[in-house]
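Trainee:
In UniProt numbering, the protein residues as written are 1 to 389.
(1) By alpha-carbon positions, which one of 223, 251, 219 and 125 ends up nearest to residue 193?
(2) Which stretch, first to last residue, makes up the alpha helix (DSSP H) that contains residue 139?
(3) For my contact list, residue 234 and residue 293 are in at a C-beta cut-off of 8 Å; report their separation, rounded to the angstrom.
(4) Starting from residue 343, trace the beta strand (DSSP E) in both directions and tell me its first and last residue.
(5) Would you say the beta carbon of residue 246 comes nearer than 8 Å to a heavy atom of the ligand GTP?
(6) If you drop the 5 nearest sequence neighbours on each side, which residues of the same chain put their C-beta closer than 7 Å to that of residue 24?
(7) Quick check on residue 3: does DSSP put it in helix, strand or coil?
(8) Would you mind sorting residue 212 into buried or exposed? The rule is 16 or more other CB atoms within 10 Å of its CB.
(9) Below 8 Å on the Cβ atoms is my guess for residue 322 versus residue 366; work out the distance and round it to an integer in Å.
(10) By Cβ distance, which residues of its chain are closer than 7 Å to residue 145, with the 5 residues on each side in sequence left out?
(11) Distance check for residue 290 and residue 38, CA to CA, integer angstroms please.
(12) Starting from residue 247, follow its DSSP beta bridges and name the residues at the other end.
(13) Just verifying my parser: in three-state terms, what is the DSSP assignment at residue 364?
(14) Going by DSSP, what residue range makes up the beta strand (DSSP E) through residue 303?
(15) Taking the alpha carbon of residue 348 as the reference point, which residue from 330, 71, 340 and 358 has its own alpha carbon closest?
(16) Can you tell me the Cα-Cα spacing of residue 3 and residue 223, whole angstroms?
(17) Suppose you measure from the CA of residue 359 to the CA of residue 247; what does that come to, to the nearest Å?
(18) Please classify residue 268 as buried or exposed, where buried requires at least 16 other C-beta atoms within 10 Å of its C-beta.
(19) Taking the alpha-carbon positions, what's the residue 28 to residue 74 distance?
(20) What is the DSSP secondary structure of residue 336, reduced to helix, strand or coil?
(21) Spatial neighbours of residue 206 within its chain, please: C-beta separation below 6 Å, excluding the five flanking residues on both sides.
(22) Which value, in whole angstroms, describes the spacing of the CA atoms of residue 319 and residue 279?
(23) What is the DSSP secondary structure of residue 94, counted as helix, strand or coil?
(24) Report the residue from 345, 100, 79 and 80 whose alpha carbon sits nearest the alpha carbon of residue 219.
(25) Can you pull the DSSP bridge partners for residue 14?
(26) Whose C-alpha, out of 105, 189 and 147, is nearest the C-alpha of residue 1?
(27) Kindly indicate which residue of 70, 63 and 16 has the alpha-carbon position closest to the one of residue 394.
(28) Can you tell me the Cβ-Cβ gap for residue 445 and residue 346, rounded? I've got them flagged as a contact below 8 Å.
(29) Please confirm whether residue 168 and residue 156 have their CB atoms less than 9 Å apart.
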């Protein structure tokens, strides 16, 4: 059913990498969310008035806030789809994350409002008037929210949208919240036990937790989270597809919003290769990445000596020493400077974040072991951190 809706209302719905198509997805999701949540709000307000239930009224207000969130998401997608300009040369894609964060904030605020109202109802309970129509409204609203969760998750996965995924999470929490309200109403109907205020508190807690979860999901890309391991591996494989490129390192990926990714890396080529020829191989690697991953990339060329037995021996020895200090460690940019008595081995050591040894301890251990193996060698080490996690 969802695919039929996409085909009917979204032009070129299958071209999800296209920024214009992504904007259409966001607008469509926003309109569907506004319509569904307004219907639920009106239905629950009626049910809440009929039953005098604070938990149903709270659930209705929650749906009204969801409608407002859908409006924010819709506006966010429209603004995110604006082309780059003088003041924003990387585009406006991150507005989508900001809109998702605003949605999360609205969810959290509404949750605390519901919590306050529910506590008042616990302290000052009022009798409920349960009707069949109110029960039907609650059951139908649960089914509608389940469909909305599936709908937003499906669209969010198709266009990789944090805002849509946050909305899907919110819809799932709404299902649980309304289920709690329904249980409270049924309990009142069959046992005369009034847990309306308690049910309202449970609803509020679910709403607050959902809001914090959605906020985390939208804040991470704004703060600069690393790309996924799958993304890194695919990008590296595309670059290394050319046999003339013998290694890559120092990969950096900047995310300025879905479909607006900028990357840079260092590609190693044999030092004895013709410079113009090597430049062509690097250019072709850039074009491969841009075409397949829809990513703007700049590749720096690193010449590596591969035909000198002495340097190869020293590089292999250094790699072995570094691995003996820690299997997770790696080296790159290895070169040597030979003097009359001392040979300096100059290289970078890639150290994971939160490693159990400090940077100074790693340096000292490597330097000591290299000197023990080759007394005429001295290690000049620069500690490097990964930008890809």
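Backbone N, C-alpha and C define an ideal beta-carbon position, used for all residues, glycine too. All values reported here derive from a predicted model rather than from experimental measurement.
Mentor: Judging by the given coordinates:
(1) The shortest C-alpha separation from residue 193 is found at 125.
(2) DSSP places residue 139 inside the alpha helix (DSSP H), whose first and last residues are 132-159.
(3) Approximately 7 Å separates the beta-carbon atoms of residue 234 and residue 293; this is inside 8 Å, confirming the contact.
(4) Note, residue 343: beta strand (DSSP E), 343-351.
(5) Among the components modelled here there is no ligand, and therefore nothing to report on the ligand GTP.
(6) Cβ neighbours of residue 24 beyond the five flanking positions: 10 and 11.
(7) Residue 3 carries a helical assignment under DSSP once its states are collapsed to helix, strand and coil.
(8) Its Cβ having fewer than 16 others within 10 Å, residue 212 is exposed.
(9) Indeed they touch by this definition, with Cβ atoms about 6 Å apart.
(10) Within the same chain, and ignoring the five residues on either side of residue 145 in sequence, the residues whose Cβ sits closer than 7 Å to its Cβ are 171, 174, 175 and 178.
(11) Their Cα atoms are separated by approximately 43 Å.
(12) Note: residue 247 sits in a beta bridge opposite 268.
(13) The DSSP-derived three-state label of residue 364 is helix.
(14) Residue 303 -> beta strand (DSSP E) spans 295-304.
(15) Ranking the options by Cα distance to residue 348, first place goes to 330.
(16) The straight-line gap from Cα to Cα measures roughly 33 Å.
(17) One C-alpha to the other measures close to 24 Å.
(18) By the neighbour-count rule (16 or more Cβ atoms within 10 Å), residue 268 is buried.
(19) Between the alpha carbons of residue 28 and residue 74 lies a distance of about 8 Å.
(20) Strand at residue 336.
(21) Excluding positions up to five away in sequence, the list reads 173, 176 and 177.
(22) Distance between the alpha carbons of residue 319 and residue 279: 28 Å.
(23) Coil, per DSSP.
(24) Comparing C-alpha distances from residue 219 to each of 345, 100, 79 and 80 shows the shortest one belongs to 100.
(25) None, per the DSSP bridge assignment.
(26) Considering only alpha carbons, the answer is 147.
(27) No answer is possible for residue 394: the residues shown for the chain start at 1 and end at 389.
(28) Residue 445 lies beyond the range of the chain shown here (1 to 389); nothing can be said about it.
(29) For residue 168 and residue 156, yes; Cβs fall inside 9 Å.
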